[in-house]
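**Q**
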Amino acid sequence: MLTSSDSINSEEFIFYIDIISDFLKKKSLTKAINSFIKEKGKFNALSSYGVVIFQKNENPINEYDIKDSDSVLNAINDAWDTRETAQSYLENGLYEILAYIFRKSRKSRKNYRVIIISDTPSKLSEDYYNALYDLLIKAKKFSAFIDIIRVGNEKFYEDDVKLKIISSETHGGMFYCQDEKLLQNILGALVQNKKEFKVIKTDEIDHVLAEDKVFYERLAVDLISLSPDDEEICTIC
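1 is the number of the first residue of the sequence shown in UniProt numbering; add one for each residue after it.
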């Protein structure tokens, strides 16, 4: 637990929208997120926000460190109609987000709260998940928390165990939303700060970054190119 002198008031909430079906309508999504931002503003005026949505060309739309709700909603509206609707790229989206967090942590000490809203299990190979898990272990060194909201009318999903591991490894939670009207309530429960922040001090961050220098320099390529036969294409940069 941080002492009062070590506390970090600055938070960045990153919404990863992994929605490919019609279960959750854009209107319900934006209404819930807008309500969340307004409520969060009552407690912490230092909060900022980010949005990640994969497009049909397999590249993500990503905007970070947004200060106002209108810009967040505009980012979602602009990317909604061209979003990926054939399959989930959940792992790739988290690669993108974690890469951003690692880069920003060199200069900015804050708490990063990733909120994934997903309706479909990823069909990517186990190699992608294994690479992601390795990243999650590294993320423990930073103040990154991942909460996952699975929306849909199913009681069980084939990736339930994977998602619970992802959230638990980063001191987050796993939530199920079987009615889009309940999304606002679930997000509302995430407004409060995490009770325990696993944050390291500046000198410790410098040490971590020094020992992982090669990791950061090759992060994008190594994450996306998982096989020796794969072409090294960076979808993050």
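Where is the CB? At the ideal position from N, CA and C, for every residue including glycine.
In this text, all values refer to a predicted model and were calculated from it rather than measured experimentally.
Measure the beta-carbon distance from residue 23 to residue 119 and round it to whole angstroms, keeping in mind my assumption that it falls under 8 Å.
**A** Right, the Cβ-Cβ distance comes to about 5 Å (below 8 Å), so this counts as a contact.
**Q** Using 8 Å as the threshold, is the C-beta distance between residue 146 and residue 114 below it?
**A** The answer is yes: Cβ separation under 8 Å.
**Q** Can you name, in chain order, every residue of its own chain whose Cβ lies under 6 Å from the Cβ of residue 37, other than the five neighbours on each side?
**A** Cβ neighbours of residue 37 beyond the five flanking positions: 69.
**Q** Evaluate contact between the stretch 94-114 and the stretch 71-83, counting only Cβ atoms and requiring at least three cross-stretch pairs below 8 Å.
**A** In short, these stretches do not touch, since the Cβ pair count stays below three.
**Q** Bridge partners of residue 50, per DSSP?
**A** Residue 50 pairs with 14.
**Q** Would you tell me roughly how many angstroms separate the C-alpha atoms of residue 19 and residue 33, rounded to the nearest one?
**A** Computed Cα separation, rounded: 14 Å.
**Q** Return the CA-CA distance between residue 185 and residue 43, expressed in angstroms with no decimal places.
**A** So the two alpha carbons sit approximately 17 Å from each other.
**Q** My output table needs one value for residue 89: the three-state DSSP class, helix, strand or coil.
**A** Three-state result, residue 89: coil.
**Q** Going by beta carbon distance, what residues of the same chain come within less than 8 Å of residue 137, once the five residues before and after it are set aside?
**A** Closer than 8 Å at the Cβ level, and outside the excluded window around residue 137, lie 169.
**Q** Between 124, 188 and 67, which lies nearest to residue 91 when the distance is taken from Cα to Cα?
**A** Of the candidates 124, 188 and 67, the one whose C-alpha sits nearest the C-alpha of residue 91 is 124.
**Q** Only counting the same chain, and skipping five residues up and downstream in sequence, which positions put a Cβ closer than 7 Å to that of residue 104?
**A** If we look at residue 104 and ignore the five residues flanking it on each side, it has no Cβ neighbours.
**Q** Which residues does DSSP pair with residue 151 in a beta bridge?
**A** Paired residue(s): 177.
**Q** Got a sec? Which residues, its chain only, sit under 6 Å from residue 49 by beta carbon, not counting five neighbours each side?
**A** Contacts found: 13, 66 and 72.
**Q** Tell me where the beta strand (DSSP E) around residue 64 begins and ends.
**A** Note, residue 64: beta strand (DSSP E), 60-66.
**Q** For residue 195, name the three-state secondary structure that DSSP assigns.
**A** Note that residue 195 has pLDDT 48, beneath the 50 cutoff, so the model's placement of it is unreliable and the number below is only indicative. Residue state, collapsed to three classes: coil.
**Q** Suppose you measure from the CA of residue 45 to the CA of residue 126; what does that come to, to the nearest Å?
**A** Their backbone Cα atoms lie some 40 Å apart in a straight line.
**Q** Going by beta-carbon coordinates alone, are residue 180 and residue 28 separated by less than 8 Å?
**A** Cβ distance < 8 Å, so residue 180 and residue 28 count as in contact.
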